[in-house]
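**Student:** In the working numbering, the protein residues as written are 1 to 484.
Backbone N, C-alpha and C define an ideal beta-carbon position, used for all residues, glycine too.
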Amino acid sequence: MPGMEKLHLEDVLEDSPQTRNLLRVFENDAFALKKYTLGLHNCCQRIMKAQNELCAATQALSQQLRDYEIQTFPLEPEDSILTTTLKQFSSYLDDVSSIQQVLSAQYSETMMYPMSRFIQADLEEVSTLCEMFQIATTEHESAIKNYMKLPKKKENDRQRMEYNEELYGMRKKFHQTGLHYYSSLNALQYKRKCSLLEPILGYMHAQRAFFQMGQDAVCKKEIEEFLNNINASVQGVQKELQQDTKKTVDLIDTLEQQSVQHYHAEPNPEMPYIPPNTQLAQKGGYLFIRSKQLIATRWDRCFFFTQGGNLMCQPKDEVAGSLSLDLNEPGVLAEPYDTDDRRFVFHVSSPKLRKSVVLQAENERERDEWICTINNIVRESGYVKSKSPLQQQANKVRKNTTSTASSTKESGGSSPDMANVNSSASLGSPHAPKPAPSTNDMLLSDVPIQFDLQPIIDDITDVTPNLQGPPKRINPFDQSTEKF
Numbered sequence: 001m002p003g004m005e006k007l008h009l010e011d012v013l014e015d016s017p018q019t020r021n022l023l024r025v026f027e028n029d030a031f032a033l034k035k036y037t038l039g040l041h042n043c044c045q046r047i048m049k050a051q052n053e054l055c056a057a058t059q060a061l062s063q064q065l066r067d068y069e070i071q072t073f074p075l076e077p078e079d080s081i082l083t084t085t086l087k088q089f090s091s092y093l094d095d096v097s098s099i100q101q102v103l104s105a106q107y108s109e110t111m112m113y114p115m116s117r118f119i120q121a122d123l124e125e126v127s128t129l130c131e132m133f134q135i136a137t138t139e140h141e142s143a144i145k146n147y148m149k150l151p152k153k154k155e156n157d158r159q160r161m162e163y164n165e166e167l168y169g170m171r172k173k174f175h176q177t178g179l180h181y182y183s184s185l186n187a188l189q190y191k192r193k194c195s196l197l198e199p200i201l202g203y204m205h206a207q208r209a210f211f212q213m214g215q216d217a218v219c220k221k222e223i224e225e226f227l228n229n230i231n232a233s234v235q236g237v238q239k240e241l242q243q244d245t246k247k248t249v250d251l252i253d254t255l256e257q258q259s260v261q262h263y264h265a266e267p268n269p270e271m272p273y274i275p276p277n278t279q280l281a282q283k284g285g286y287l288f289i290r291s292k293q294l295i296a297t298r299w300d301r302c303f304f305f306t307q308g309g310n311l312m313c314q315p316k317d318e319v320a321g322s323l324s325l326d327l328n329e330p331g332v333l334a335e336p337y338d339t340d341d342r343r344f345v346f347h348v349s350s351p352k353l354r355k356s357v358v359l360q361a362e363n364e365r366e367r368d369e370w371i372c373t374i375n376n377i378v379r380e381s382g383y384v385k386s387k388s389p390l391q392q393q394a395n396k397v398r399k400n401t402t403s404t405a406s407s408t409k410e411s412g413g414s415s416p417d418m419a420n421v422n423s424s425a426s427l428g429s430p431h432a433p434k435p436a437p438s439t440n441d442m443l444l445s446d447v448p449i450q451f452d453l454q455p456i457i458d459d460i461t462d463v464t465p466n467l468q469g470p471p472k473r474i475n476p477f478d479q480s481t482e483k484f
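Written out as structure tokens, the structure reads:
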């Protein structure tokens, strides 16, 4: 190369100060070049590692997409289009991964190999020759000093010959080592340019080949149509999500406004009063149930609900509910209860089963609704197995209705007690108030011909029989029609 500074090999043996100064310049340049080349090698290694990691990551991504089919998602349908779409993406990623592996191999051949060869074969050689030249210089200087110390006496001819031979060997070694060292430093100036440019040139060629293969493999018409369809589908889903999100936000605002009453266990006095719904035929919600232990009682929060004439209990961690009490048994009654110095407590008792369930609601309204609901279910149940009791109950209803109608006509109106009973019965009835039915209507409504049902009157009579003595306060939750 024109204009390149070089070390003159003719000056090696002379080893003048000017030659030494020029040699130090070349040595400093070689050390700086080695330091820079090692940094460049580290950068190329990072690219190589990143490319290998990208290949492995792409393969892992493709495998993960294929594994979606074997995963179990409780809410995902078996014929989901997402499964086939991910499998198709997986096949495309396999093609991309193969191209990336080719790029990784080209990096190794065209970028890493020239860089490693330059460091190991050239820069390390210069470093080794530098150490050898320093050793040869030291030995040469020592041999010269020993030779120059020889005295003038002729008796020292043998010693003079030995020192002369020693100087000959050290000078020859110094000269040969210097020639190789100087020539390596000169050659390094040429190798600097080709050894630094060759790895980058290989990197660019590998990238061009990679993009060309990617263009041929990915930019196909079928892939373009597939991506356009998926993109349109994703945009449609996002649009539906935005609409659903807007509806959800509106619903959340509505529910928050409607649920203000439920935030307080006991509504504040300034809030509007909401009376209990006494017409419910089924209900569900959390209640505290009392269970007796050895020396104390325990209250646990469970979810209770009515189903098929049964009071069911379901703890939070359970999948299904268990039977707490059969409400179809005769004599079942729900009423307020006072125990353990707790508020809003009621119990559901079954005289036939000799079982009582003590429950606690959050407030008075919840307690009253539970009591009315259970009593409504009890009143509407009462199945029997034979027809003779059904006929007896029908006759009793007809007789009681006739006597009641006669007494009403004689007295010219209903008594106050009768009015209280009527209002109490209508409070817990699941139907809206209607005019007084006739005898045939009551028989047809209470005792249907097509069903083998037990009339309400006898069932309630068994639960709350007539007692002798002074009149008692009417229970507002007792749906009994016994006085009729």
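Suppose the cutoff is 6 Å on Cβ atoms and the five residues either side in sequence are ignored; what does the same chain contact list for Leu-467 look like?
**Tutor:** Only weak support is given to the placement of Leu-467: the predicted model assigns it a pLDDT of 42, under 50, and the question is left unresolved by the model.
**Student:** Return the first residue and the last residue of the beta strand (DSSP E) that Ile-289 is part of.
**Tutor:** Unbroken beta strand (DSSP E) run through Ile-289: 284-292.
**Student:** Return the CA-CA distance between Thr-110 and Lys-6, expressed in angstroms with no decimal places.
**Tutor:** Their Cα atoms are separated by approximately 30 Å.
**Student:** How many Å lie between Gln-101 and Leu-227 at the Cα?
**Tutor:** Their Cα atoms are separated by approximately 24 Å.
**Student:** What do you get for Tyr-182, buried or exposed, if any count of 16 or more other CB atoms within 10 angstroms of its CB means buried?
**Tutor:** Buried, since its Cβ has 16 or more Cβ neighbours within 10 Å.
**Student:** Using the C-alpha atoms, what's the distance from Ser-104 back to Leu-23?
**Tutor:** Whole-angstrom Cα-Cα distance: 41 Å.
**Student:** Whose C-alpha, out of Arg-342, Leu-188, Val-332, Leu-61, is nearest the C-alpha of Lys-352?
**Tutor:** Out of Arg-342, Leu-188, Val-332, Leu-61, Val-332 has the C-alpha closest to the C-alpha of Lys-352.
**Student:** Figure out for me which residue from Glu-141, Tyr-107, Val-357 has the closest Cα to the Cα of Phe-210.
**Tutor:** Nearest option by C-alpha distance: Tyr-107.
**Student:** My parser needs the alpha helix (DSSP H) runs of 4 or more residues fully inside the region 167-228; what are they?
**Tutor:** Segments of the alpha helix (DSSP H) lying fully in the region 167-228: there are none.
**Student:** Taking 7 Å as the limit between beta carbons, can you name the residues of its chain near Gly-413, skipping five residues before and five after?
**Tutor:** For Gly-413, the predicted structure reports a pLDDT of 41, less than 50, and the residue's modelled location is therefore unreliable. A value from the coordinates is still provided. Taken in chain order, the list of residues that qualify is empty.
**Student:** With burial defined as no fewer than 16 other Cβ atoms inside 10 Å of the residue's Cβ, what is the status of Arg-343: buried or exposed?
**Tutor:** It is exposed - the Cβ of Arg-343 has fewer than 16 other Cβ atoms within 10 Å.
**Student:** Return the CA-CA distance between Thr-19 and Lys-34, expressed in angstroms with no decimal places.
**Tutor:** Cα to Cα, Thr-19 sits roughly 22 Å from Lys-34.
**Student:** State the start and end residues of the unbroken beta strand (DSSP E) segment that holds Glu-335.
**Tutor:** Looking at the DSSP string, the run of the beta strand (DSSP E) that includes Glu-335 is 333-336.
**Student:** Hey, would you say Met-170 sits closer than 8 Å to His-205, going by beta carbons?
**Tutor:** No, they are not a contact pair.
**Student:** What is the rounded straight-line gap between the Cα of Leu-13 and the Cα of Thr-137?
**Tutor:** Using only the alpha carbons, I get a separation of about 11 Å.
**Student:** Round the Cβ separation of Leu-150 and Gln-159 to the nearest angstrom and send it over; I've been treating them as touching at under 8 Å.
**Tutor:** That belief holds up - the Cβ atoms of Leu-150 and Gln-159 are roughly 7 Å apart, short of 8 Å.
**Student:** Between which two residues does the alpha helix (DSSP H) carrying Met-132 extend?
**Tutor:** Taken as a continuous stretch (DSSP letters only), the alpha helix (DSSP H) holding Met-132 covers 124-148.
**Student:** Relative to the C-alpha of Tyr-113, which residue among Ile-371, Leu-201, Asn-229, Leu-82 is closest?
**Tutor:** Considering only alpha carbons, the answer is Leu-201.
**Student:** In the DSSP output, which residue or residues are listed as bridge partners for Gln-360?
**Tutor:** Gln-360 pairs with Phe-288, Val-345.
**Student:** Just mark Gln-360 as buried or exposed, buried being the case when its beta carbon has 16 or more other beta carbons within 10 Å.
**Tutor:** By the neighbour-count rule (16 or more Cβ atoms within 10 Å), Gln-360 is buried.
**Student:** Hey, how far is the Cα of Ala-30 from the Cα of Leu-188?
**Tutor:** Answer to the nearest angstrom: the Cα atoms are 8 Å apart.
**Student:** Please report the Cβ distance between Cys-372 and Leu-311, rounded to the nearest whole angstrom; I am assuming they are in contact, meaning their Cβ atoms lie under 8 Å.
**Tutor:** Between Leu-311 and Cys-372 the Cβ distance is about 14 Å, and since that is not below 8 Å, they are no contact.
**Student:** How do the region 215-235 and the region 85-93 stand: do at least 3 beta-carbon pairs fall below 8 Å, yes or no?
**Tutor:** With the cut-off at 8 Å, the region 215-235 and the region 85-93 touch.
**Student:** So the alpha helix (DSSP H) Asn-52 belongs to, where does it begin and stop?
**Tutor:** It spans 17-66 - the alpha helix (DSSP H) in which Asn-52 sits, taken as one unbroken run.
**Student:** Grouping DSSP H, G and I as helix and E and B as strand, with all else coil, what is Met-271?
**Tutor:** The answer is coil: DSSP assigns Met-271 none of H, G, I, E or B.
**Student:** To which residues of the same chain is Val-378 closer than 6 Å at the C-beta, ignoring the five residues directly before and after it?
**Tutor:** Here the set comprises Leu-327, Val-332.
**Student:** In terms of alpha-carbon separation, which member of Lys-239, Cys-194, Glu-266 lies closest to Phe-118?
**Tutor:** Comparing Cα-Cα distances from Phe-118 to each of Lys-239, Cys-194, Glu-266, the minimum goes to Cys-194.
**Student:** For Ile-135, does the count of other Cβ atoms within 10 angstroms reach 16, so buried, or fall short, so exposed?
**Tutor:** Exposed, by the Cβ-count rule.
**Student:** Is the region 284-294 in contact with the region 258-270, if contact means three or more CB pairs nearer than 8 Å?
**Tutor:** Cβ pair count under 8 Å is below three, so no.
**Student:** Which residue wins for smallest C-alpha separation from Gln-257, given the options Thr-245, Met-271, Asp-244?
**Tutor:** That would be Met-271, whose Cα lies nearest to the Cα of Gln-257.
**Student:** Pick helix, strand or coil for Arg-160, following the three-state DSSP scheme.
**Tutor:** The answer is helix: DSSP assigns Arg-160 an H, G or I state.
**Student:** Throw me the rounded Cβ distance for the Ser-97 and Cys-55 pair, which I believe falls under 8 Å.
**Tutor:** Rounded, the Cβ-Cβ distance is 6 Å, consistent with contact.
**Student:** To the nearest angstrom, how far is it from the Cα of Asp-458 to the Cα of Glu-369?
**Tutor:** Per-residue confidence for Asp-458 stands at a pLDDT of 39, beneath the threshold of 50, marking its modelled position as unreliable; the derived number appears in the next sentence. Going by the C-alpha atoms only, they are around 24 Å apart.
**Student:** By the three-class DSSP mapping on this structure, what secondary structure does Arg-301 have?
**Tutor:** In the structure shown, Arg-301 sits in a strand (DSSP, three-state: E or B).
**Student:** Short check: CB of Cys-44 to CB of Met-161, under 8 Å?
**Tutor:** Contact: no.
**Student:** Would you tell me roughly how many angstroms separate the C-alpha atoms of Ile-295 and Thr-339, rounded to the nearest one?
**Tutor:** Rounded to the nearest angstrom, the two C-alpha atoms are 15 Å apart.
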